[in-house]
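Novice: These protein sequence lines map, in sequence, to chains A and B. Numbered per the numbering used here, the first sequence spans residues 962 to 1274. Numbered per the numbering used here, the second sequence spans residues 124 to 358. Dumping the structure here so I can ask a few things about it.
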Amino acid sequence: MLPRSQIVLLISLITAGIISASSSRIDDYILDVILGIGINIILAVSLNLINGFTGQFSLGHAGFMAVGAYAAGTLTTGPGKVWFDASGASPALLFPFVLFAGGLTAAVVGLAVGAPSLRLKGDYLAIVTLGFGEIIKVILQNIEWLGGSRGMVGIPSYTSFFWCFGAAAVTIYAAWALVNSTLGRGFLAVADDEIAAEAMGLNTTRYKIIAFVTGAFFAGIAGGLYAHLKGYISPAGFDFNKSIEIVVMVILGGMGRHVGVVIAVVLLTVLSEKLRDFGDKRMIVYSALLILLMLTRPQGLFTWKPARKAITG
Amino acid sequence: MVEIRNLTVAYGAVTALHKISLTVNAGEIVTLIGGNGAGKSTTLRAISGLIRPRSGKIMYQGTDVTGVPAHELVARGLSHCPEGRLVFANLTVDENLRLGAYLQRDRKRIAEELDFVLTLFPRLSERTTQLAGTLSGGEQQMLAIARALMSQPRCLLLDEPSLGIAPLLVKSIFDQIVALNRTRGLTILLVEQNANLALEISHRGYVLETGRIILSDHAAALRSNPDVQEAYLGA
Chain A
962 MLPRSQIVLL
972 ISLITAGIIS
982 ASSSRIDDYI
992 LDVILGIGIN
1002 IILAVSLNLI
1012 NGFTGQFSLG
1022 HAGFMAVGAY
1032 AAGTLTTGPG
1042 KVWFDASGAS
1052 PALLFPFVLF
1062 AGGLTAAVVG
1072 LAVGAPSLRL
1082 KGDYLAIVTL
1092 GFGEIIKVIL
1102 QNIEWLGGSR
1112 GMVGIPSYTS
1122 FFWCFGAAAV
1132 TIYAAWALVN
1142 STLGRGFLAV
1152 ADDEIAAEAM
1162 GLNTTRYKII
1172 AFVTGAFFAG
1182 IAGGLYAHLK
1192 GYISPAGFDF
1202 NKSIEIVVMV
1212 ILGGMGRHVG
1222 VVIAVVLLTV
1232 LSEKLRDFGD
1242 KRMIVYSALL
1252 ILLMLTRPQG
1262 LFTWKPARKA
1272 ITG
Chain B
124 MVEIRNLTVA
134 YGAVTALHKI
144 SLTVNAGEIV
154 TLIGGNGAGK
164 STTLRAISGL
174 IRPRSGKIMY
184 QGTDVTGVPA
194 HELVARGLSH
204 CPEGRLVFAN
214 LTVDENLRLG
224 AYLQRDRKRI
234 AEELDFVLTL
244 FPRLSERTTQ
254 LAGTLSGGEQ
264 QMLAIARALM
274 SQPRCLLLDE
284 PSLGIAPLLV
294 KSIFDQIVAL
304 NRTRGLTILL
314 VEQNANLALE
324 ISHRGYVLET
334 GRIILSDHAA
344 ALRSNPDVQE
354 AYLGA
């Protein structure tokens, strides 16, 4: 018999498959918003691993998303297309591998960024990741074979409901399982008190890097999904605002909480869609709402239950 | 068991320790006494690898461990119970204790050690599922010591166990420290503001003043030393 959490994951995947099969009946616009929610869930839940559970502060999640998006896009649309076509396999079958490759590339970049900066304690990570996000943008703008600042166009739309929410379910499961493991207890200890954690024999740098690289990996997956949903990516789409948007979702949902973050993602994504009617004034309303929420519920909107179950045995 | 030679530690431009040397033999309780900012906690942090010394040498069980990171020293049986308790406030008492045994993979030994520390501090056993942040100051201190013991150390660095704790609790904590030393042969390097109490249970002591060791002697001799009495014992 599988553990309960794995059964939940299995049911989620099957449900995603069933909905996906009938997704042609859903209005295109609505489906686009729904898939956007799925991608944002992956982004927010994975950032929560870094910012919420491990107590670090990363501002570069859009950068990792960009790396994943471009890596995946390169395989299906860019120079990798030759290989992709030559393989002869159906694109739907290859898509998960493309996503995985995007995640892996983002993870490798995450390791390169995280390894030096996570050795330091304090707010260095925020500064480094902030810089990283900008650097990635500039680099992508200057690589001609990736489309430069015009971006990459004509990416096939492989992102279906199933892949999107399947990946979201796997992300939530992975984050949940990780946090409730011995490794996760290390994350929580680092978040609580880094010096004490170190005195207990925890290699705190290692734990921070594991959380950071895992977060980057899933951001890369989200990037790949995003690229194959929109069909078009450009460096400008992965700017600082996108990173902040994800940070806001995590903070609003309550740092270190899975369910709260998922609800916050749904709410914020729908909200920002609804506010389209306000045109240019949309961002004013959006930020005013955020300020109001932060003033009244600084601990996050959805924090009525303990953050996690206690681990015994 | 622990020997430091000509240890200099600096925080940026400020030198906290000036070439200090001290020795802790196996099975001893040794106390570092001194005023605020004398460098007591810094000494412990340097030994346990939490900070890197500028120069000098730290020996542990006969090998040079200068610059060895804290997590490796814990594995070798050196445990540091830091000042200000530093319990993991958002974790339960049970989880805090298990984190103390983080490097121990043998579940049976973890369970044994858990039993042992809970009999040592029965107050904690009533609160295993409570978040550590909701404990009283004294209970948090007990938890911090118990957590440090979970790694089954041979040498314990204990920083200010009496800080901000009711006198009655201090007494019971110190009784347990002595018991650990007697029954398990645990070597203890103790840093304590309450010099009277610390010297009472120690074999030897060092007096630190602005980063220098100015005196070292048997605990009894330090207690009867008029200078020490005047400066630290409030006589």
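Glycine residues also receive a C-beta, built at the ideal position from the N, C-alpha and C atoms.
#1: Per DSSP, B/T138 forms a beta bridge with which residues?
#2: Exposed or buried, A/I979, counting other C-beta atoms within 10 Å across all chains shown (16 or more means buried)?
#3: Across which residues does DSSP place A/H950 in a beta bridge pair?
#4: Just to confirm my understanding: we take A/K1098, look at its own chain, exclude 5 residues before and 5 after, and list those with CB closer than 8 Å. What are they?
#5: Tell me the DSSP secondary structure of A/K1270 in three-state form.
#6: So which residues on chain A does B/A198 lean against when the C-beta distance must stay under 8 Å?
#7: Out of curiosity, what's the CA-to-CA distance linking B/S295 and B/E206?
#8: Given a cut-off of 9 Å on the beta-carbon distance, is the pair B/L266 and B/R327 in contact?
#9: Tell me whether B/R346 is buried or exposed, calling it buried when 16 or more other Cβ atoms sit within 10 Å of its Cβ.
#10: Using a C-beta to C-beta distance shorter than 7 Å, which residues of chain A count as neighbours of B/G223?
#11: Please give the ranges of any beta strand (DSSP E) in the region 160-227 of chain B, keeping only runs that are unbroken, at least 3 residues long and fully inside the region.
#12: Mind listing the chain B neighbours of A/R1146? Cutoff is C-beta to C-beta under 7 Å, in chain order.
#13: Show which residues of chain A have a CB atom less than 7 Å away from the CB atom of B/A212.
#14: Any beta carbon of chain B sitting closer than 9 Å to that of A/T1165?
#15: State the beta-bridge partners of B/R346 as determined by DSSP.
#16: Using 9 Å as the threshold, is the C-beta distance between A/G1181 and A/A1033 below it?
#17: Give a yes or no on whether 9 Å exceeds the smallest Cβ distance from B/R232 to chain A.
#18: DSSP on B/H341, reduced to helix/strand/coil?
#19: What does B/L140 touch in chain A if you count any residue whose Cβ is under 8 Å from its own?
#20: Between A/T1143 and chain B, is there a C-beta pair that is closer than 9 Å?
#21: What residue from A/G1092, A/F1123, A/V1070 and A/A1129 has the CA that sits closest to A/S1204's CA?
#22: So which residues on chain A does B/S171 lean against when the C-beta distance must stay under 8 Å?
Specialist: For this structure:
#1: Locating residue 138 of chain B in the second sequence gives position 15, counting from the first residue. B/A133, per the DSSP bridge assignment.
#2: Mapped onto the first sequence, residue 979 of chain A falls at position 18. Classification of A/I979: exposed, given that the 10 Å Cβ count is below 16.
#3: Nothing in the structure corresponds to residue 950 of chain A, since chain A is present only between 962 and 1274.
#4: Reading the first sequence from its first residue, position 137 is the one you call residue 1098 of chain A. Once the five neighbours on either side are set aside, the close Cβ partners of A/K1098 are G1024, A1027, P1196, A1197, F1199 and D1200.
#5: Working through the first sequence from its first residue, we reach residue 1270 of chain A at position 309. For A/K1270, the pLDDT reaches just 49, beneath the cut-off of 50, and the residue's location in the model is therefore unreliable, although a value from the coordinates is still provided. Coil at A/K1270, not helix or strand.
#6: Stepping through the second sequence from its first residue, residue 198 of chain B is reached at position 75. By Cβ distance, chain A contributes G1162.
#7: Working through the second sequence from its first residue, we reach residue 295 of chain B at position 172. Working through the second sequence from its first residue, we reach residue 206 of chain B at position 83. Distance between the alpha carbons of B/S295 and B/E206: 18 Å.
#8: Looking up residue 266 of chain B in the second sequence gives position 143. Looking up residue 327 of chain B in the second sequence gives position 204. No, the Cβ-Cβ distance between B/L266 and B/R327 is not below 9 Å.
#9: As a first step, residue 346 of chain B is located in the second sequence; it is residue number 223 there, counting from the start. Buried: at least 16 other Cβ atoms inside 10 Å.
#10: What you label residue 223 of chain B is simply residue 100 of the second sequence in a count that begins at 1. Here the neighbours are M1161.
#11: 178-183 and 201-204
#12: Translated into the one-based positions of the first sequence, residue 1146 of chain A becomes position 185. E218 and L222, listed in chain order.
#13: Indexing the second sequence from 1 puts residue 212 of chain B at position 89. Chain A residues near B/A212: D1153.
#14: Counting from 1 along the first sequence, the entry for residue 1165 of chain A is found at position 204. Chain B contact via Cβ: present.
#15: Along the second sequence, one-based indexing puts residue 346 of chain B at 223. None, per the DSSP bridge assignment.
#16: For the purposes of this step, residue 1181 of chain A is identified with residue 220 of the first sequence, where counting begins at 1. For the purposes of this step, residue 1033 of chain A is identified with residue 72 of the first sequence, where counting begins at 1. Yes, the pair counts as a contact, with Cβ atoms nearer than the cut-off.
#17: Counting from 1 along the second sequence, the entry for residue 232 of chain B is found at position 109. Not closer than 9 Å to any Cβ of chain A, the Cβ of B/R232 fails to qualify, so no.
#18: The residue you call residue 341 of chain B lines up with position 218 of the second sequence. B/H341: strand per DSSP, three-state reduction.
#19: Numbered from 1 along the second sequence, position 17 holds the residue referred to as residue 140 of chain B. Chain A residues near B/L140: none, gap ~18 Å exceeds 8 Å.
#20: Mapped onto the first sequence, residue 1143 of chain A falls at position 182. With 9 Å as the cut-off, A/T1143 counts as an interface residue toward chain B.
#21: Here residue 1204 of chain A refers to the residue found at position 243 when the first sequence is read from its first residue. Comparing Cα-Cα distances from A/S1204 to each of A/G1092, A/F1123, A/V1070 and A/A1129, the minimum goes to A/G1092.
#22: Residue numbering aside, residue 171 of chain B sits at position 48 when the second sequence is read from its first letter. Under the 8 Å cutoff, chain A gives A1160.
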